[in-house]
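Q:
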Amino acid sequence: MSARSPRRAAAAGASKRRGIEKNDDNNDDADESSPFSSPAKRTRAAARTPNRAPGTPHLVTPSSARKGKTPPSRQSRSRADEDTKPAARRLPFGRSPSNASSDGAASTASLTVVAPAVKKVYSLVSGRTGSLGGNGAGGAIYGELTSGSMQKMVDLMKLHTDFGPDSRFIDVGCGLGKPNLHVATDPGVSFSYGIEHEKVRWLLGMSNLDAVLQLAEKQQQRSARRIDKNETIGTNCMFAYADITEAQTLDPFTHVYMFDIGFPPKLFYTLAEMYNRSSSKYLICYHAPRLMVDEYGFDVELIVQTNTSMHGSTESHMGYIYKRVASKEKKGNGSAAKSIAGLPKDVPCDPLFAGPWKMVRKGFRELRTEVKKQFQENQDSDRPKRTRRAARK
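Here the numbering used here is used: the sequence shown runs in plain steps of one and ends on residue 398.
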């Protein structure tokens, strides 16, 4: 063990003596401030703190706590101020910094109000077939927008595409028929048509339509009591079990809607040719321009977009609203739909859609009878009847 040098030993001793003196001072302060100390010590402690009356106990903060408490720096204070600032106001659905103008439309698009009649329609659908939407293609669950998300799309269509009572709406792959039933009530289009190639899901859609028409019939029977407009159920709706590729155009529809998340590319190319040959003005779907315009060749340009959510999951999809643009070159075989007898002469119509449109135009009674007939004829058509003999085998 090496011996310390005299100079280092003297410095260590001096440091030790200073520490002992410091501790003695602290102990003296503590003793003076204690209520059990002598009157002289308490008087000296009171003299150091003139704002405190003599004899008042002095609570000493432990040195460890005093060392831990440091005044916040300017940087930490600024961070705290930033945390307490209110969050920046988000732009309304369907608006972006480039198209959010000061024309008052932003305030309209920011409010999403589902009419009472539309809520009632969704309640009927949920009671008949559930809110998620399954039982198709072996029971797989198909995507279904929430009523609020569909209302956002409808509000943007009203705002940007003149979507109203004179519009004609088609849902390609309508499934349970929620979008069709929605727009038949709000804004109450003149013709809401859904086409579905999967029979089970078409039958479920017909069940929903039957329930909605049944409620509308009850409303009409209570005509003595005036029903509020927001509670009136729309009835200009029809579903068809058919293949959309059998049509040559998408006439007479002004608005073509499709929840196209699961569509195969081949179908997109076919639909693009059909759309480009038709006079339909607007396209509403869930794929970006990179695919719809650049890849599949739809003659459209993007107007507005908004995010939508799905029933029963955190899944969300961006909804896009397009409008027709002039074609740079003539596409397809040049065929176009013509007007059909019994329908407006100034509106072309593909033969595939003529029958359902005529049925809707006949009025509620004929439509109610036809829907009930088709639903009853098909709901048990594919299910074999069980007999007692078969049960014994």
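Positions of the beta carbon are idealized from the N, C-alpha and C atoms, including for glycine.
These figures come from a predicted structure and were not determined experimentally.
Taking only the alpha-carbon atoms, compute the straight-line gap between S172 and H260 and give it to the nearest angstrom.
A: Taking the sequence shown and counting its residues from 1, the one referred to as residue 172 is at position 167. Taking the sequence shown and counting its residues from 1, the one referred to as residue 260 is at position 255. C-alpha separation (whole angstroms): 7 Å.
Q: Do you know whose CA, among I308, E382, K124, S131, lies nearest Q156's CA?
A: Against the sequence shown, residue 156 aligns to sequence position 151. Considering only alpha carbons, the answer is K124.
Q: Skipping 5 residues on each side, what residues in its chain have a beta carbon closer than 7 Å to that of V352?
A: If you number the sequence shown from 1, residue 352 lands on position 347. Here the set comprises P257, S344.
Q: H165: which of T313, G317, K286, S314 sits nearest, CA to CA?
A: Taking the first residue of the sequence shown as position 1, residue 165 is located at position 160. The option with the nearest alpha carbon to H165 is K286.
Q: By Cβ distance below 7 Å, which residues in the same chain neighbour N241 in space, the five residues on each side in sequence not counted?
A: Counting from 1 along the sequence shown, the entry for residue 241 is found at position 236. Result list for N241: A189, V194, S195, F196, S197, V365, in chain order.
Q: Quick one, which of A247, P170, P361, F273 has its alpha-carbon nearest F303's?
A: Here residue 303 refers to the residue found at position 298 when the sequence shown is read from its first residue. Cα-wise, what sits closest to F303 is F273.
Q: In whole angstroms, what separates the C-alpha of V205 from that of D233?
A: Reading the sequence shown from its first residue, position 200 is the one you call residue 205. Reading the sequence shown from its first residue, position 228 is the one you call residue 233. Roughly 35 Å between the two C-alpha positions.
Q: What residue range is occupied by the uninterrupted alpha helix (DSSP H) comprising Y274?
A: In the sequence shown, residue 274 corresponds to position 269, counting from 1. Where Y274 is concerned, the enclosing alpha helix (DSSP H) stretches over 270–282.
Q: Any chance you could list the beta strand (DSSP E) runs of at least 3 consecutive residues sitting entirely within the segment 157–237, in chain order?
A: Runs of the beta strand (DSSP E) inside the segment 157–237: 173–177, 196–201.
Q: Would T374 be called buried (16 or more neighbouring beta carbons within 10 Å of its own) or exposed?
A: On the sequence shown, residue 374 is found 369 positions in, with the first residue counted as 1. It counts as exposed.
Q: Taking just the CA atoms, how far does S212 sit from K183?
A: Position 178 of the sequence shown, counted from the first residue, corresponds to residue 183. Position 207 of the sequence shown, counted from the first residue, corresponds to residue 212. The alpha-carbon atoms of K183 and S212 are separated by roughly 12 Å.
Q: On the premise that V217 lies in contact with I399, defined as a C-beta separation below 8 Å, what is that separation, rounded to the nearest angstrom?
A: One cannot answer for residue 399 here, as it falls past the ends of the chain, which runs 6 to 398.
Q: Please look up how many angstroms separate the CB atoms of D191 and N185, rounded, as I've assumed it's under 8 Å.
A: Counted from its first residue, the sequence shown places residue 191 at position 186. Counted from its first residue, the sequence shown places residue 185 at position 180. 12 Å between Cβ atoms; not a contact.
Q: Out of curiosity, what's the CA-to-CA distance linking E306 and E382?
A: Locating residue 306 in the sequence shown gives position 301, where the first residue counts as 1. Locating residue 382 in the sequence shown gives position 377, where the first residue counts as 1. Rounded to whole angstroms, E306 to E382 spans 43 Å at the Cα level.
Q: Among I289, Q253, A247, which residue has its Cα nearest to the Cα of Y327?
A: Taking the sequence shown and counting its residues from 1, one reaches residue 327 at position 322. Cα-wise, what sits closest to Y327 is I289.
Q: Exposed or buried, what is S112 when buried is set at 16 or more other beta-carbons lying within 10 Å of its beta-carbon?
A: Working through the sequence shown from its first residue, we reach residue 112 at position 107. Interpretation of S112 is limited by its pLDDT of 43, a score under 50 that renders its predicted location unreliable; no figure is taken from the coordinates.
Q: In whole angstroms, give me the CA-to-CA distance for C354 and Q225.
A: As a position in the sequence shown, residue 354 is number 349, starting the count at 1. As a position in the sequence shown, residue 225 is number 220, starting the count at 1. The alpha-carbon atoms of C354 and Q225 are separated by roughly 31 Å.
Q: Just to check my reading of the structure: L150 and M315 have Cβ atoms closer than 8 Å, yes? What is that Cβ distance to the nearest angstrom?
A: Stepping through the sequence shown from its first residue, residue 150 is reached at position 145. Stepping through the sequence shown from its first residue, residue 315 is reached at position 310. Rounded, the Cβ-Cβ distance is 6 Å, consistent with contact.
Q: From the DSSP output, in three-state form, read off S69 for me.
A: Locating residue 69 in the sequence shown gives position 64, counting from the first residue. Residue confidence is low: S69 scores 46 on pLDDT, short of 50, so the model does not pin down where it sits. Its coordinate-derived value is still stated next. If DSSP states are grouped into helix, strand and coil, S69 belongs with the helices.
Q: Within the same chain, show all residues whose beta-carbon is closer than 7 Å to that of P170, passing over the 5 residues directly before and after it, in chain order.
A: Your numbering for residue 170 matches position 165 in the sequence shown. Excluding positions up to five away in sequence, the list reads P192, G193, V194, S195.
Q: Helix, strand or coil: which one does DSSP assign to Q253?
A: Here residue 253 is taken as the residue at index 248 of the sequence shown, counted from 1. If DSSP states are grouped into helix, strand and coil, Q253 belongs with coil.
Q: Is the beta carbon of D167 sitting closer than 8 Å to the one on H202?
A: Position 162 of the sequence shown, counting from 1, holds the residue named residue 167. Position 197 of the sequence shown, counting from 1, holds the residue named residue 202. Not in contact: D167 and H202 (Cβ atoms no closer than 8 Å).
Q: Do T313 and S154 have their beta-carbon atoms positioned less than 8 Å apart in this structure?
A: Here the question's residue 154 lines up with position 149 in the sequence shown. Here the question's residue 313 lines up with position 308 in the sequence shown. It is a contact, given that the beta carbons lie within the stated cut-off.
Q: Pop quiz: L357 and E251 are said to be a contact at Cβ under 8 Å. What is the actual Cβ separation, rounded to whole angstroms?
A: For the purposes of this step, residue 357 is identified with residue 352 of the sequence shown, where counting begins at 1. For the purposes of this step, residue 251 is identified with residue 246 of the sequence shown, where counting begins at 1. With a Cβ gap of about 6 Å, L357 and E251 count as contacting.
Q: In three-state terms, what does DSSP make of L348?
A: Walking along the sequence shown from the start, residue 348 turns up at place 343. Of the three classes helix, strand and coil, the one that applies to L348 here is coil, per DSSP.
Q: Measure from the alpha carbon of S321 to the alpha carbon of each residue in K271, R329, T311, then state which is nearest.
A: Position 316 of the sequence shown, counting from 1, holds the residue named residue 321. Closest option to S321, Cα to Cα, is T311.
Q: Going by other Cβ atoms of all chains shown within 10 Å of its Cβ, with 16 needed for buried, is G324 buried or exposed?
A: One-based indexing of the sequence shown puts residue 324 at position 319. It counts as buried.
Q: So the alpha helix (DSSP H) Q310 belongs to, where does it begin and stop?
A: Taking the first residue of the sequence shown as 1, we reach residue 310 at position 305. Element bounds for Q310: not the alpha helix (DSSP H) but the beta strand (DSSP E), 305–314.
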